[in-house]
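To keep things clear, I will list the structure first and then write my remarks on it.
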Amino acid sequence: MKSKIPDNVVFSEENGYNANILAYPTSVGAPAIKLDNVVDWKNIGIRNVNKEFESKFNELKAEYEKLMQEYEWNEILYNAKYSFEPIIGEIYHLYLAKDGSNFLSLIHPDHWNKEHIGSFKLNSNKKWIKIDSKHDIF
3 MKSKIPDNVV FSEENGYNAN ILAYPTSVGA PAIKLDNVVD WKNIGIRNVN KEFESKFNEL
63 KAEYEKLMQE YEWNEILYNA KYSFEPIIGE IYHLYLAKDG SNFLSLIHPD HWNKEHIGSF
123 KLNSNKKWIK IDSKHDIF
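The numbering used here puts the last residue of the sequence shown at 140; the count rises by one with no breaks.
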């Protein structure tokens, strides 16, 4: 007859007493097995990733809006009236004519009493760049 082994002793017919090679605790006095709170970890990760995506989305949205504004200004300037060939790097001023059309001029707004829309510079790619501040004009 086989000798009875107590319940709290780890014994296997194939491996014998193998408690020291098991990946989990086997005695009553061993520390309790606690499951990690993966749900909190996931929620924190999702929140951080969503912040990053939102930040990147807002950057792209701002860049898109800036690009569309540049496109609209270029559309206005290329459809404006002017009787000269603009020189790259020079500053030109866009005005509103009495008939509602736009025209481009070399005359600075301080020297002329016309409705000034904005000042622009033509870059080497033939793209009009809006000049916002007055100190950039001189």
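Note that CB positions come from ideal geometry on N, CA and C, so glycine has one too.
Since the model is a prediction, treat every value here as computed from it, not as a measurement.
For the beta strand (DSSP E) that contains residue i, what are its first and last residues?
| i | result |
| --- | --- |
| W130 | 130-133 |
| F86 | Neither: F86 is in no beta strand (DSSP E) and is coded neither H nor E. |
| H110 | Per DSSP, H110 belongs to no beta strand (DSSP E) and is neither H nor E. |
| E117 | 117-124 |
| I93 | 93-98 |
Using the Cβ count rule (16 or more neighbours within 10 Å means buried), how would you classify residue i?
| i | result |
| --- | --- |
| A82 | buried |
| Y80 | exposed |
| L37 | exposed |
| W1 | The structure shown does not extend to residue 1, since the chain is modelled only from 3 through 140, so no value can be given for it. |
| N20 | exposed |
| W130 | buried |
| L69 | exposed |
| L106 | buried |
What residue range is occupied by the uninterrupted alpha helix (DSSP H) comprising residue i?
| i | result |
| --- | --- |
| I48 | 40-81 |
Could you pull out every residue in the same chain whose Cβ sits closer than 6 Å to the Cβ of residue i, ignoring the five residues on either side in sequence?
| i | result |
| --- | --- |
| K132 | W75, G120, F122 |
| I23 | none |
| I90 | L124, S126 |
Ignore the nearest five residues each way along the sequence and tell me which others in residue i's own chain have a CB closer than 7 Å to its CB.
| i | result |
| --- | --- |
| K128 | none |
| K116 | Y97 |
| Y84 | F105, L106 |
Since I believe residue j is in contact with residue i (beta carbons under 8 Å), could you give me their beta-carbon distance rounded to a whole number of angstroms?
| i | j | result |
| --- | --- | --- |
| V41 | T28 | Going by Cβ atoms, the distance from V41 to T28 rounds to 29 Å, so no, they are not a contact pair. |
| N104 | I78 | 6 Å |
Does the count of Cβ pairs from the segment 99-111 and the segment 40-51 closer than 8 Å reach three?
With a cut-off of 8 Å, the segment 40-51 and the segment 99-111 do not count as touching, because too few Cβ pairs lie within range.
Segment contact, 8 Å Cβ cut-off, at least three pairs: the segment 90-97 with the segment 109-116
A contact between stretches requires three or more CB pairs, one per stretch, nearer than 8 Å, and the segment 90-97 meets this requirement with the segment 109-116.
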